[in-house]
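> Here's a structure for you.
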Amino acid sequence: SQTIHQWPATLVQPVGSPLSLECTVEGTSNPNLYWYRQAAGRGLQLLFYSVGIGQISSEVPQNLSASRPQDRQFILSSKKLLLSDSGFYLCAWSLVNSPLHFGNGTRLTVT
Amino acid sequence: QKEVEQNSGPLSVPEGAIASLNCTYSDRGSQSFFWYRQYSGKSPELIMSIYSNGDKEDGRFTAQLNKASQYVSLLIRDSQPSDSATYLCAVREGGKLIFGQGTELSVKP
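One line per chain: the protein sequences are H and B, in this order.
When the first sequence is numbered by this note's numbering, its final residue is 617 and no position is left out of the sequence of numbers.
When the second sequence is numbered by this note's numbering, its final residue is 697 and no position is left out of the sequence of numbers.
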C-alpha cells in the first residue's frame, strides 16, 4: 500500500532563517505531488504541484520554492522566512484523476 | 484561479440528526469532486469522491452532485459526536485540487 512521510511534525524558526521541509511517498510510481498551506482557521492554499521529476508549477508568488529531485521526493524551501509563512504545511500525492492523500503535516511557527 | 465556496459555519446539529453540507464551484469543466474531513490539528482525510450527477452513498454518508447547477453536497445521516470536524469540499481543475474554506460541523450529544 502507498504511504506518505512528511517531516518534521513541528518546527519553530526565527524570521529570516531558511526552511526545508521534506516529503516522500512509498508504494507508487510517478505520483503527482503537492504542497498546501493552511493558515489558522482557514482553508487549504495550493502552493506547488508537480507531475514529474523537475516539473514544478507554482500557484502563489512568494518567498517559497519547491523541488522534486526524485520521483517520490518533494521538498519545500525558503531562503528567508517571514512571519506570514507560519502555518500548517501539508504534502499530498495522487495518481492522475484520483483523490489526494495527505501526509501528517508540519506545523511551522515563525517567531 | 476558479473558486470553490462552502457554507460558512459553524453548523451545529443534535446527535442522530442529518447534517447537510453544501459546496458550489465556478469551473463548469470540472469533472471530479471530493469531500474531506479534517479534525482539529490533523491533516484532511478523504470521505467521498463523486464524478457523475446524482447521489453516491457510502455508509452514513451521501454525496450529491449537480453539474448543471455547479453544486455538490454531503449528507451525514445519524450524526455522531465523532463527526464533529471541519469538512472540506475539493474540486479538480486540471492537475490540481482546489479546496473550499471548509464548514465546521459540531454534533451535540
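Ideal placement from N, C-alpha and C gives every residue a C-beta, glycine not left out.
When you compare each of B:Gly688, B:Pro632, B:Pro697 and B:Arg665 to B:Ser591 by their alpha carbons, which one comes out closest?
The question names Ser, but residue 591 of chain B is Glu in the sequence shown. Here the closest residue by C-alpha is B:Gly688.
> Buried or exposed: where does H:Gly611 fall if 16 or more other Cβ atoms within 10 Å of its Cβ makes it buried?
buried
> Given this structure, state the Cα-to-Cα distance separating B:Ile638 from H:Leu552, to the nearest angstrom.
21 Å
> Strictly by DSSP, which residues pair up with B:Pro602?
B:Lys696
> If we ignore side chains and look at the alpha-carbon of each, how far apart do H:Pro520 and H:Arg578 end up?
Taking the straight line from one Cα to the other gives about 29 Å.
> Quick check on the DSSP output: the beta strand (DSSP E) that includes H:Leu553 runs from which residue to which?
Leu550 to Gly558
> Bridge partners for B:Lys644 per DSSP, in chain order?
B:Ala651
> Decide yes or no for the touch test of the segment 649-662 of chain B against the segment 612-630 of chain B: beta carbon pairs closer than 8 Å, at least 3 of them.
yes
> Can you find at least 3 beta carbon pairs, one from the segment 534-541 of chain H and one from the segment 596-607 of chain B, that sit closer than 8 Å?
no
> Looking only at its chain, what residues have a beta carbon closer than 8 Å to the beta carbon of B:Leu685, apart from the 5 residues adjacent to it on each side?
Phe622, Ala678 and Val679
> Within 10 Å of its beta-carbon, does B:Val695 have 16 or more other beta-carbons around it, so buried, or fewer, so exposed?
So B:Val695 counts as buried.
> Shorter than 7 Å from the beta carbon of H:Asn536 to some beta carbon of chain B?
no
> Report the residue ranges of all beta strand (DSSP E) runs contained in full by the segment 573-610 of chain H; include only those spanning at least 3 residues, in chain order.
579-584 and 593-600
> Assign B:Gln594 to one of two classes, buried (16 or more other C-beta atoms within 10 Å of its C-beta) or exposed (fewer than that).
Around the C-beta of B:Gln594, 16 or more other C-beta atoms lie within 10 Å, and the residue is accordingly described as buried.
> Here's the rule: buried if 16 or more other CB atoms are within 10 angstroms of the residue's CB, otherwise exposed. What is H:Asp591?
buried
> Taking CB distances under 7 Å as the criterion, tell me whether H:Val531 reaches chain B.
For H:Val531, the answer is no, since every Cβ of chain B falls outside 7 Å of its Cβ.
> Is there a C-beta anywhere in chain H that falls below 7 Å from the one on B:Ser637?
yes
> Using the three-state DSSP reduction, which class does B:Gly631 fall into: helix, strand or coil?
This sequence places Ser at residue 631 of chain B; Gly is not what is there. Coil at B:Ser631, not helix or strand.
> Round the Cβ separation of H:Phe608 and H:Gln544 to the nearest angstrom and send it over; I've been treating them as touching at under 8 Å.
Actually they do not touch by this definition, with Cβ atoms about 10 Å apart.
> Which chain B residues are close to H:Arg548, counting only those with a beta carbon under 7 Å from its beta carbon?
Gln689
> Who are the near neighbours of H:Trp621 in its chain, counting only those whose CB is closer than 6 Å to its CB and skipping five residues on each side?
Not covered by the structure: residue 621 of chain H. The range shown for chain H is 507 to 617.
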